[in-house]
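Heads up: the structure comes next, in structure tokens.
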Amino acid sequence: MTSSMLRRQLKNLVQNYSEAEVKVREATSNDPWGPSSSQMADISDLTYNVVACNEIMTMLWKRLKDDRNWRHIHKVPQTQQCLLFP
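Under my numbering, the first residue of the sequence shown is numbered 105, with each subsequent residue one higher.
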């Protein structure tokens, strides 16, 4: 486990993020690779729950407005694409 993954898990616990928010954070992380198809499928399945869908869209919006990490911004459309075309 890398230090960035450990730091991300710690932040998820401290910020008390929900399961949906954690999955979006993992899919739009600053890692050099894109979101996996299993991550995209999990996020897509969570959108059937109204509360989780709202949390997903809120987290995607936060990631889209993140001007410090360009990878967050780059990965948001990829994640939204799986929501529009499952």
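Note that CB positions come from ideal geometry on N, CA and C, so glycine has one too. It should be emphasised that the depicted structure is a prediction, and the values quoted were computed from it without experimental measurement.
Closest residue to residue i among the options (Cα-Cα distance)
i: S148; options: E123, K169 and D135; result: E123
i: A156; options: K127, L114, C186 and L168; result: K127
i: I160; options: K115, Y121 and W137; result: Y121
i: D135; options: Q184, C186 and N173; result: N173
i: Q184; options: A145, L114 and L117; result: A145
Extent of the continuous alpha helix (DSSP H) to which residue i belongs
i: R172; result: It is not in any alpha helix (DSSP H) - R172 carries neither H nor E in the DSSP assignment.
i: D135; result: Premise fails: D135 is in no alpha helix (DSSP H) and is neither H nor E.
i: S122; result: Careful: S122 lies outside any alpha helix (DSSP H) and carries neither H nor E.
i: S148; result: S141 to L150
Neighbour-count burial assignment, residue i, 16 or more Cβ in a 10 Å radius
i: M109; result: exposed
i: R111; result: exposed
i: T162; result: exposed
i: S140; result: exposed
i: L188; result: exposed
i: R167; result: buried
i: L150; result: buried
i: L164; result: buried
CB of residue i within 8 Å of CB of residue j, strictly
i: D170; j: H178; result: no
i: E130; j: Q143; result: yes
i: T106; j: V180; result: no
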